[in-house]
Structure formats: C-alpha cells, structure tokens
C-alpha cells in the first residue's frame, strides 16, 4: 500500500537510564493540519511507558485515542511499558502475538506430553505481560490481532514474521518449557564470551575495510527472531522498523517483499535492530536493503538509521554496525542523548531533534 500524500512523524524515545536499552516509538501518520492516526510501536519498560504517555499527550494532541498499538516481540524492554498505554488511552487495535492461541498446533513440539488445555494455560503464564495486555485491550473493546506477514497496520506492511516461522520459533524460546535449559545455557555462554570480547576495542577499520561478520543463526534469540518488521511506503519516502529482528527475520522480510513487489530497497529511515547489535545484521543483508558500499569516503545518500540505546549502555550500538550503515550512505543517530524525531511533511516540534550523525570510527570492537 502506497500512502502518497500522507506525512509521518516517528519519535524514537529514550528507554532506560542505565546500561539496559529498550525501544519505545510514537508515530503519527496523516495529513499535516488535518486528520492523523497515532501509532505506538513498543513501549519500553514501565518507566518509559509513563514517559511515552506524557510524550503523546504533549505532542500528538490531547485526545485519548490511539489507533494502533504494536508489540514487536515479548521482551520486557519492549512490551512492559505498553501496560501504561492501555491504562491511559483508548486503543483501536492491539497488534500482539498470542502463542497460547496456537496450543493445538504447538503441543506436539513440546516435551512432557502436554494436553492442549494445559499447554494453553501454561503459555499464558509464560507470556504473562502479553496476556495481560490482551485482557486490558479486550476489556476496553479494542480489537486484538496477531501481526503476521502480509497484514497491514495503518497502511504499513508487516514483512515478518510469517505465521509458519513464528510457530517454529515459539518452542525454541527460553520462556517456553521445551527449550528453557538449552537457550538459557546458550545465553549464558554468549554472555561469558561477550564480556571478554567487550573488554577491548582493538580492530582497526577504514572506509574501504569492513570487519562486520555474518552472524550464525544461533546468535539471535528465538524471541528476537519473532520481531515484527514493518515497512511504510509514502511514495517518495519509505521507512523500515525492525524491533530486535535477527538475520533470519531479515531474510524472511526480504523474500516476502520481493515476492510482493514492495520497494524495500534503500528506505529513507531504518531502525537499526536490537539497539545496534552486530548479531542482528550482516554485510549481505545491508547490501541488499541499504544498497552497496559507497566508494567516496564520507558520502551520504540522505537516508538515516536510528539505534535505540540507553545512555549507560556501553555495548550498544556497536561501532562496527554504525560504520557498516555509514559506508552504505546512511547517517546514524542514537537515543543516548534524548528522543529523536524523524518527519515527512510535518514541521519540527520543540523538544525533539534530528540528532547530528555519529562519526565514522577508526577503531571498533574485536
């Protein structure tokens, strides 16, 4: 769906004051000076949920109605703050995955001979916050819909996850019974090795020498791989919002966009997934979506990329990832210093900024 003639505002709000990053996005789509819809995509933690409520009321009008609320995936740094949104606003549609609805299809993938009813009840406990959000939404009369590939949210296409891939990933999540021990062990191992690697930055890069590698499929958690990827086509502007999507989710989105004829190439605004982690992008994917590396050092194409990262998060965004985006012509910004506003047809608002771009780094993480 092409939304020619419509403008947008995308506000990436800071989440967290320490070392733990999260995501909270407030968005408006409409005709400047006329009708517009407010959309919330993730709410960060509970504190950022309060800030998100205040931000919407201060900047998007005093109406207590939000057309669409999207939960990209059930990690606490994305979903917890949405409770405050549902407490304070009337919501048209809550877009959120509800794994308990698929107990009958999933039951054979879990160990210990679950009954369908028993698994459904257990999944509601495993995904307590998403289930609570669904209860709140239904109580106010909002629609509750699962966001799968091919659906449209306020004119924006859902590129991933596909329904089948989502069902494959649910039993692998650490919060579900079948994979709890395995993913927990893998997460601990990743944390141990990552802490060692984070100790030094000793790899040198130049504009023409890129050290970003291709992650293994196991480098991104199954939960992050279920992230909703949204694509908005406004005719002469395109935006791509990625949550914490990993390489598998990117590939799912790329293949669907190609089959559907969506112009995914070189979006004007891209959310760098997972706060700028190097485990969520690869050179091949960036070449396919952003375009090839530019030969002229420091050249830009007018496009922007944003990484949500807390001020005290020394691990995100990764310099090697920012450099990779910059080589492909993208100016990179972060939320470390405050909220960042991107807009098309709408004027700049007081208190928000299009942050100056991050520099190119000569030394990156080993």
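In the working numbering, the protein residues as written are 159 to 524. Every residue, glycine too, gets a C-beta built ideally from N, C-alpha and C.
Taking the straight line between their C-alpha atoms, what separation do you get for residue i and residue j?
{"i": "residue 318", "j": "residue 219", "result": "31 Å"}
{"i": "residue 109", "j": "residue 192", "result": "Given that the chain is displayed from residue 159 to residue 524, the structure contains no residue 109 and the question cannot be resolved."}
{"i": "residue 495", "j": "residue 271", "result": "50 Å"}
{"i": "residue 285", "j": "residue 422", "result": "32 Å"}
{"i": "residue 500", "j": "residue 427", "result": "8 Å"}
{"i": "residue 438", "j": "residue 384", "result": "13 Å"}
{"i": "residue 199", "j": "residue 498", "result": "15 Å"}
{"i": "residue 399", "j": "residue 476", "result": "18 Å"}
{"i": "residue 173", "j": "residue 231", "result": "16 Å"}
{"i": "residue 189", "j": "residue 304", "result": "28 Å"}
{"i": "residue 224", "j": "residue 197", "result": "6 Å"}
{"i": "residue 522", "j": "residue 315", "result": "35 Å"}
{"i": "residue 255", "j": "residue 455", "result": "43 Å"}
{"i": "residue 525", "j": "residue 389", "result": "Given a span of 159 to 524 for the chain in the structure shown, any question on residue 525 remains unanswerable."}
{"i": "residue 365", "j": "residue 489", "result": "14 Å"}
{"i": "residue 251", "j": "residue 201", "result": "15 Å"}
{"i": "residue 342", "j": "residue 233", "result": "Residue confidence is low: residue 342 scores 43 on pLDDT, short of 50, so the model does not pin down where it sits. No coordinate-derived value is stated."}
{"i": "residue 222", "j": "residue 216", "result": "12 Å"}
{"i": "residue 420", "j": "residue 289", "result": "33 Å"}
{"i": "residue 214", "j": "residue 485", "result": "35 Å"}
{"i": "residue 203", "j": "residue 493", "result": "15 Å"}
{"i": "residue 161", "j": "residue 313", "result": "7 Å"}
{"i": "residue 253", "j": "residue 397", "result": "19 Å"}
{"i": "residue 474", "j": "residue 480", "result": "10 Å"}
{"i": "residue 395", "j": "residue 443", "result": "20 Å"}
{"i": "residue 320", "j": "residue 259", "result": "16 Å"}
{"i": "residue 369", "j": "residue 261", "result": "43 Å"}
{"i": "residue 296", "j": "residue 360", "result": "52 Å"}
{"i": "residue 205", "j": "residue 235", "result": "10 Å"}
{"i": "residue 279", "j": "residue 333", "result": "14 Å"}
{"i": "residue 409", "j": "residue 163", "result": "30 Å"}
Does the distance from the C-beta atom of residue i to that of residue j stay below 9 Å?
{"i": "residue 478", "j": "residue 414", "result": "no"}
{"i": "residue 445", "j": "residue 404", "result": "no"}
{"i": "residue 322", "j": "residue 418", "result": "no"}
{"i": "residue 325", "j": "residue 363", "result": "no"}
{"i": "residue 185", "j": "residue 248", "result": "no"}
{"i": "residue 391", "j": "residue 311", "result": "no"}
{"i": "residue 328", "j": "residue 229", "result": "no"}
{"i": "residue 382", "j": "residue 411", "result": "no"}
{"i": "residue 237", "j": "residue 291", "result": "yes"}
{"i": "residue 287", "j": "residue 277", "result": "no"}
{"i": "residue 491", "j": "residue 463", "result": "yes"}
{"i": "residue 371", "j": "residue 451", "result": "no"}
{"i": "residue 402", "j": "residue 431", "result": "yes"}
{"i": "residue 183", "j": "residue 195", "result": "no"}
{"i": "residue 294", "j": "residue 245", "result": "yes"}
{"i": "residue 434", "j": "residue 465", "result": "yes"}
{"i": "residue 373", "j": "residue 268", "result": "no"}
{"i": "residue 330", "j": "residue 257", "result": "no"}
Are there 16 or more other CB atoms within 10 angstroms of the CB of residue i, so buried, or fewer, so exposed?
{"i": "residue 516", "result": "buried"}
{"i": "residue 460", "result": "exposed"}
{"i": "residue 524", "result": "exposed"}
{"i": "residue 274", "result": "exposed"}
{"i": "residue 242", "result": "buried"}
{"i": "residue 159", "result": "exposed"}
{"i": "residue 353", "result": "Because residue 353 sits at a pLDDT of 42, beneath the cut-off of 50, its placement in the model cannot be relied upon, and the following sentence gives the value as read from the coordinates. Residue 353 is exposed by the Cβ-count criterion."}
{"i": "residue 180", "result": "buried"}
{"i": "residue 514", "result": "exposed"}
{"i": "residue 429", "result": "buried"}
{"i": "residue 425", "result": "buried"}
{"i": "residue 301", "result": "exposed"}
{"i": "residue 453", "result": "exposed"}
{"i": "residue 356", "result": "Residue placement at residue 356 cannot be trusted, given a pLDDT of 47 that sits under 50; what the coordinates show is reported in the next sentence. By the neighbour-count rule (16 or more Cβ atoms within 10 Å), residue 356 is not buried but exposed."}
{"i": "residue 416", "result": "exposed"}
{"i": "residue 448", "result": "buried"}
{"i": "residue 239", "result": "buried"}
{"i": "residue 367", "result": "exposed"}
Check whether the Cβ of residue i lies closer than 9 Å to any Cβ atom in chain C.
{"i": "residue 496", "result": "In summary, chain C is missing from the structure at hand, where a single protein chain is found."}
Given 8 Å as the limit, is there contact between the region 498 to 506 and the region 467 to 482, that is, 3 or more CB pairs closer than that?
no
**Asked** Can you find at least 3 beta carbon pairs, one from the region 160 to 167 and one from the region 201 to 212, that sit closer than 8 Å?
**Response** no
For this session: Only counting runs of 4 or more residues, tell me where the alpha helix (DSSP H) segments fall wholly within the region 201 to 255, in order along the chain.
Result: 204 to 217, 234 to 237, 240 to 246
request  = Within the region 464 to 504, note down every full beta strand (DSSP E) run reaching 3 residues or more, in order along the chain.
outcome  = 488 to 492, 498 to 502
* Where are the alpha helix (DSSP H) runs, 4 residues long or more, that stay fully inside the region 366 to 422, in chain order? -> 380 to 383, 405 to 418
Q. Which full runs of the beta strand (DSSP E) of 3+ residues lie inside the region 248 to 326, going along the chain?
A. 248 to 253, 301 to 303, 314 to 318
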